Amino acid sequence: MRLARMASLASVIAMVASSATLAQTDYSAAYGIDEDVPGACSYESIDAKDYSGRQLNIISHAVPVIGEPTDIHARQFEELTGAKLSVVHVPFGDLFQRILIPFQTGQNAYDVLFYPSLWIGDLNQYLAPVPEAYRETAGFKDVTRNYIDVATWGDTIVQYPMDGDRHYLKYRADIFSNPEAIARFKQETGKDLAVPTTWEDYNEIARVFSGWDWDGDGNPNYGSAEVTKRDDLMFSAFISRAAPYARNPNVKGGFFFDLETMEPQINNPGFVKGLELFVEASKDWAPGGANWGLGDEIFAFGGGQALMSYSWDDAFVQAQQEDSPIRNQVAAAPLPGASEVWNRDTGSWDSFEEPNRAPYVTWGWTSAVSNRSQNQDMAFDFLCFFSNEANTLADLQVGRFGVNPYRNAHFDPSLWTDRLGWDAALTKSYVETLSGMDDSINRVFDLRVPGVSQFMTSLATGVAAALAGQQTPQEALDSVAVEWTAIVDRIGVDTVRNAYAGVVALEDNL
Amino acid sequence: MYGLTRYKLFFLLPGLLVLLAIILFPLIFTIRVSFSGWDAVRPGLDWIGGVNYGRLLADGRFWQSLSRLGLMAVSAVAIEYVLGFGLALLVWRQIRFRRLVRVLFLIPMMTTPVVMAVIWRTVFHESLGPANDLVTLFGFAPIPWLTNAQWATFVVILVDVWQWTPFMFLLLLAGLLSLPREPLLAAAIDGAGPIRAFWNVTFPAMAPISVGAIIIRLIEASKIMETVYVITSGGPGTSTETSSYYIFIRGLRDFQIGYAAALSITYLVIMIVLLTIIAKLLTKTLIKAEA
Numbered sequence: 002m003r004l005a006r007m008a009s010l011a012s013v014i015a016m017v018a019s020s021a022t023l024a025q026t027d028y029s030a031a032y033g034i035d036e037d038v039p040g041a042c043s044y045e046s047i048d049a050k051d052y053s054g055r056q057l058n059i060i061s062h063a064v065p066v067i068g069e070p071t072d073i074h075a076r077q078f079e080e081l082t083g084a085k086l087s088v089v090h091v092p093f094g095d096l097f098q099r100i101l102i103p104f105q106t107g108q109n110a111y112d113v114l115f116y117p118s119l120w121i122g123d124l125n126q127y128l129a130p131v132p133e134a135y136r137e138t139a140g141f142k143d144v145t146r147n148y149i150d151v152a153t154w155g156d157t158i159v160q161y162p163m164d165g166d167r168h169y170l171k172y173r174a175d176i177f178s179n180p181e182a183i184a185r186f187k188q189e190t191g192k193d194l195a196v197p198t199t200w201e202d203y204n205e206i207a208r209v210f211s212g213w214d215w216d217g218d219g220n221p222n223y224g225s226a227e228v229t230k231r232d233d234l235m236f237s238a239f240i241s242r243a244a245p246y247a248r249n250p251n252v253k254g255g256f257f258f259d260l261e262t263m264e265p266q267i268n269n270p271g272f273v274k275g276l277e278l279f280v281e282a283s284k285d286w287a288p289g290g291a292n293w294g295l296g297d298e299i300f301a302f303g304g305g306q307a308l309m310s311y312s313w314d315d316a317f318v319q320a321q322q323e324d325s326p327i328r329n330q331v332a333a334a335p336l337p338g339a340s341e342v343w344n345r346d347t348g349s350w351d352s353f354e355e356p357n358r359a360p361y362v363t364w365g366w367t368s369a370v371s372n373r374s375q376n377q378d379m380a381f382d383f384l385c386f387f388s389n390e391a392n393t394l395a396d397l398q399v400g401r402f403g404v405n406p407y408r409n410a411h412f413d414p415s416l417w418t419d420r421l422g423w424d425a426a427l428t429k430s431y432v433e434t435l436s437g438m439d440d441s442i443n444r445v446f447d448l449r450v451p452g453v454s455q456f457m458t459s460l461a462t463g464v465a466a467a468l469a470g471q472q473t474p475q476e477a478l479d480s481v482a483v484e485w486t487a488i489v490d491r492i493g494v495d496t497v498r499n500a501y502a503g504v505v506a507l508e509d510n511l
Numbered sequence: 047m048y049g050l051t052r053y054k055l056f057f058l059l060p061g062l063l064v065l066l067a068i069i070l071f072p073l074i075f076t077i078r079v080s081f082s083g084w085d086a087v088r089p090g091l092d093w094i095g096g097v098n099y100g101r102l103l104a105d106g107r108f109w110q111s112l113s114r115l116g117l118m119a120v121s122a123v124a125i126e127y128v129l130g131f132g133l134a135l136l137v138w139r140q141i142r143f144r145r146l147v148r149v150l151f152l153i154p155m156m157t158t159p160v161v162m163a164v165i166w167r168t169v170f171h172e173s174l175g176p177a178n179d180l181v182t183l184f185g186f187a188p189i190p191w192l193t194n195a196q197w198a199t200f201v202v203i204l205v206d207v208w209q210w211t212p213f214m215f216l217l218l219l220a221g222l223l224s225l226p227r228e229p230l231l232a233a234a235i236d237g238a239g240p241i242r243a244f245w246n247v248t249f250p251a252m253a254p255i256s257v258g259a260i261i262i263r264l265i266e267a268s269k270i271m272e273t274v275y276v277i278t279s280g281g282p283g284t285s286t287e288t289s290s291y292y293i294f295i296r297g298l299r300d301f302q303i304g305y306a307a308a309l310s311i312t313y314l315v316i317m318i319v320l321l322t323i324i325a326k327l328l329t330k331t332l333i334k335a336e337a
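Chains as they are written, first to last, in the numbering used here: chain H, 2 to 511; chain A, 47 to 337.
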């Protein structure tokens, strides 16, 4: 009898506890998400874990880009699991050395790292492979091919995808369909105004629409906003421009280098053509446009000053903010291409009836767990939680967070139209442009090799010298090629080749 | 006697140890690193001899950045000296709101360099900044402040002048306030006007402190970094790239730690030699001429 009473008491306690848990499972209200999506990384699953008394050390970018969502999800994870998460925020310029020095000096400074994915060439040796249990989650399996490729070193996934970056074209759809704008373009060029399919077209449109007030706000507008500041990711802008001229789908074995000889291709006629067009475009930039960082580009296009732009999602998201004067007046398209593409095998230009496109899957943020971490289980749980479906959906909606679509589910138009109020045609252009990049067989990836920063700094310096008129495009890229050869020699030809083979395998779809 | 020396050493030892720890150790370590190939791929202190030093001899970008730095530092310090002296003379006299004016002059020096650089970048933003608004208000064409090599150099110098003239002002004002009054009174009794009194009495009397102020500022100006980093990133091209910015790029962006250490040591040696020569020349010209 006494036993029965105790059993009944225990069941009552269990029911009370259970009802208390049920009361706590209204995660959407507590954490500002739409709804918790069931799965191994969901709020409910993470809530069931107890990491009390344990600590994770995290290094992330400065607030807000990536840094702010890191903070938010770290606090949520603490509340759910009882763990202590210590987040260190570091400005972009210091992030690489702050991550690398502890690794090189044998310290176990950070369990979780957030950093640009192109550093994989330098960091892979310090990263823990993503365990199968996480790779088998629904969210992970829904990551698109590009970003699984970005996260992979050799045959091993060592980065945990949480962002999907790429360059694409953004333009003012309202102006491209404006009869007055169309007539003016026709009058000046004899051509019909259309979304540019080559960089020559892009420059021409930018020229015609620069220096006059085409949106009627009383201020002059400009055709193109580009990232041109030397050490502010300008190398990515140049690669976007040069890629279709230098990335020939008929030529295998390397875009930046000839994999066989490891001879730099950066000064071949394709890249030089890209740089010549970049220099030509500079004549029509807005005042100061030759010193614009990413922030300026975002503001110029997102603020309505520029007709076109190409880089990451940020400018597009800025244009689509609730308070934007050009909300729902923009559209997305693939990066312009090239009708003539350099063929290094034949040493001549190949003509393409349909412009050659070379989608640039340019770095993007990623996350990883240190292989020295004593808390790898908790660290992977945190990353799994960070990028769960509910959190990602919330993060995608905030432009300043820097989280961009990287799962197939993100290309569902209703996500953008219903939740964010985007125009249907605009959404179609956005979704098709972004998802189309995954289908390309002519993709260009970053130079994911050891010492990538040296290569990119050298490239940016050369391109900047050409833009400033200090050197011709050919001279500038010849200097870059000489420096790249020296860098390869310093690092070791075989070391760079082995790493570059992985990039080539991605680009050649092997 | 021997015991006294031992006591002295005992009391000096903590200070010497701290000095050793915070000055000598990093210097010696940097010298050692400069003989290594430490970079992103090869961590640690291997020994590659003088390879880094040989490489920097042929590094045109480093030497160009050094000559560019010389131009910027000397120009900025010269302007700061003239302006600082002028302001100090102004405040030295009894003027109204003297204390307020002194505090106002010091504000730029008290602000964080990076924050001020961001504000100046906004001021000189060629599309949106007030500098070009002002220029166009007077009917002139917008000025390519940051996209033309000469203008960008001018902006970097201007920001340095704005930030550090107060330092010069402060030192020179302290010097003026410490000057004995008798020579000035004697000059006034002899009928010397203010200009003559300045050139024949005040300026020579201020020579020692002027030399000190100029040298201190030259040492500081030779490290121009934040302004370049925030406003121009060394551009357009490499036209505003200074030595410290270049070393930063090589060391912390490219992670060529060994090479950056070699650049730093070379830069340090060159600066010590140059500043010693400049100090001697200034002393000879200003102080000995006075004697």
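We put the beta carbon where it would ideally sit given N, CA and C, even for glycine. No experiment lies behind these values; they were computed from the predicted model shown.
Requested in this report: Output, in sequence order along the chain, the residues in the region 185-196 of chain A whose CB is closer than 8 Å to any CB in chain H.
Outcome: P188, P190, W191, L192, T193 and A195
Report task. Please list the residues of the region 292-304 of chain A that have a C-beta atom closer than 9 Å to any C-beta atom in chain H, keeping them in chain order. Result -> F294, I295, R296, G297, L298, R299, D300, F301, Q302 and I303
Query raised in the report: For V481(H), which residues from the same chain have a beta carbon less than 7 Å from its beta carbon, with the 5 sequence-adjacent residues on both sides left out?
Result: I267, N268, S459, L460 and G463.
Query raised in the report: Since S289(A) meets chain H, which of its residues come closer than 9 Å, beta carbon to beta carbon?
Result: Simply none; closest approach about 15 Å.
Query - Those residues which DSSP pairs with Y311(H) across a bridge - result: Answer by DSSP bridge pairing, in chain order: L170(H).
Report task. Report the residues of the region 72-95 of chain A with a CB closer than 9 Å to any CB of chain H, ordered along the chain. Result -> Across the region 72-95 of chain A, CB contacts with chain H closer than 9 Å involve G83, W84, D85, A86, V87, R88, P89 and G90, in sequence order along the chain.
Report task. Could you name the residues of chain H that S285(A) contacts, counting a contact when the two beta carbons are closer than 8 Å? Result -> A469 and Q471
Query raised in the report: Would a check of beta-carbon distances place Q105(H) closer than 8 Å to chain A?
Result: yes
Query raised in the report: Can you list, in chain order, the residues of the region 68-102 of chain H whose Cβ is nearer than 8 Å to any Cβ on chain A?
Result: G94, D95, F97, Q98 and L101
Requested in this report: Could you name the residues of the same chain whose beta carbon sits closer than 7 Å to that of D346(H), not counting the 5 residues immediately before and after it, in chain order?
Outcome: Contacts found: V252.
Query raised in the report: In chain H, which residues lie less than 9 Å from G280(A) when you measure between Cβ atoms?
Result: R231, D232, T462 and A465
Requested in this report: Go through its chain and collect everything with a Cβ distance to N372(H)'s Cβ below 7 Å, but skip five positions before and after it.
Outcome: Cβ contact annotation for N372(H) (same chain, cutoff 7 Å, sequence separation greater than five): Y127, L128 and A129, in chain order.
Query raised in the report: Near Y1(H), what residues of its chain come up, given a Cβ to Cβ distance below 6 Å and the 5 sequence neighbours on each side ignored?
Result: This structure gives no information on residue 1(H), because the portion of chain H shown stretches from 2 to 511.
Query raised in the report: Can you list, in chain order, the residues of its chain whose CB lies under 6 Å from that of L384(H), leaving out five sequence neighbours each side?
Result: Y161 and S368
Requested in this report: Grab the span of the alpha helix (DSSP H) containing F71(A) for me, first residue to last.
Outcome: From DSSP, the alpha helix (DSSP H) with F71(A) extends over F71 to S80.
Requested in this report: Can you have a look at D35(H) and say buried or exposed, based on whether 16 or more other CB atoms are within 10 angstroms of its CB?
Outcome: exposed
Requested in this report: Could you name the residues of the same chain whose beta carbon sits closer than 7 Å to that of G297(A), not counting the 5 residues immediately before and after it, in chain order?
Outcome: I303 and A306
**Report entry** chain H contact for S173(A) (CB, 8 Å cutoff)
**Finding:** So yes, S173(A) belongs to the interface.
Query - Beta-ladder partner(s) of H90(H), from DSSP - result: S61(H)
Query raised in the report: Taking all protein chains shown into account, do 16 or more other C-beta atoms lie within 10 angstroms of the C-beta of E181(H), making it buried, or fewer, making it exposed?
Result: exposed
Report task. Select from the region 98-120 of chain A all residues with a C-beta closer than 7 Å to any C-beta belonging to chain H, and list them in chain order. Result -> none
Query - Three or more C-beta pairs below 8 Å linking the region 190-198 of chain A and the region 276-285 of chain A - result: Touching, per the Cβ criterion.
Query - Beta-carbon proximity check, G275(H) vs A243(H), cutoff 8 Å - result: yes
Requested in this report: Just the C-alpha distance for R139(A) and G132(A), rounded to the nearest angstrom, thanks.
Outcome: Answer to the nearest angstrom: the Cα atoms are 11 Å apart.
Report task. List the whole-angstrom C-beta distance separating A41(H) from T138(H), where the pair is believed to meet the contact cut-off of C-beta under 8 Å. Result -> In this structure A41(H) is in contact with T138(H), their Cβ atoms being roughly 5 Å apart against a cut-off of 8 Å.
Query raised in the report: Thinking C-beta only, is G122(H) closer than 8 Å to A395(H)?
Result: No; because the gap between Cβ atoms is not below 8 Å, this pair is not in contact.
Query - Short Cβ contact (8 Å threshold) for Y52(H) with T71(H) - result: With contacts defined as CB atoms closer than 8 Å, Y52(H) and T71(H) fail to qualify as a contacting pair.
Report task. Determine the burial state of M156(A): buried for a count of at least 16 other Cβ atoms within 10 Å of its Cβ, exposed for fewer. Result -> exposed
Query raised in the report: What is the DSSP secondary structure of K85(H), reduced to helix, strand or coil?
Result: strand
Query raised in the report: How many Å lie between L103(A) and A134(A) at the Cα?
Result: Roughly 43 Å between the two C-alpha positions.
Query - Three-state secondary structure (DSSP) of P221(H) - result: coil
Query raised in the report: Could you check where the beta strand (DSSP E) with N204(H) kicks off and where it finishes?
Result: It is not in any beta strand (DSSP E) - N204(H) instead sits in the alpha helix (DSSP H) that spans W200 to V209.
Requested in this report: Compute the Euclidean distance between the alpha carbons of Y533(H) and G255(H), then round it to the nearest angstrom.
Outcome: Nothing about residue 533(H) can be read from this structure; chain H reaches only from 2 to 511.
Report task. Determine, using beta carbons only, whether A291(H) comes closer than 8 Å to chain A. Result -> Nearest CB-CB separation between A291(H) and chain A: below the 8 Å threshold.
Report task. Assuming W208(A) contacts P154(A) (C-beta within less than 8 Å), just tell me the rounded distance between them. Result -> The C-beta separation of W208(A) from P154(A) comes to about 6 Å, placing the pair in contact by the 8 Å criterion.
Query raised in the report: Touching or not, the region 398-412 of chain H and the region 429-439 of chain H, by the rule of three or more beta carbon pairs under 8 Å?
Result: yes
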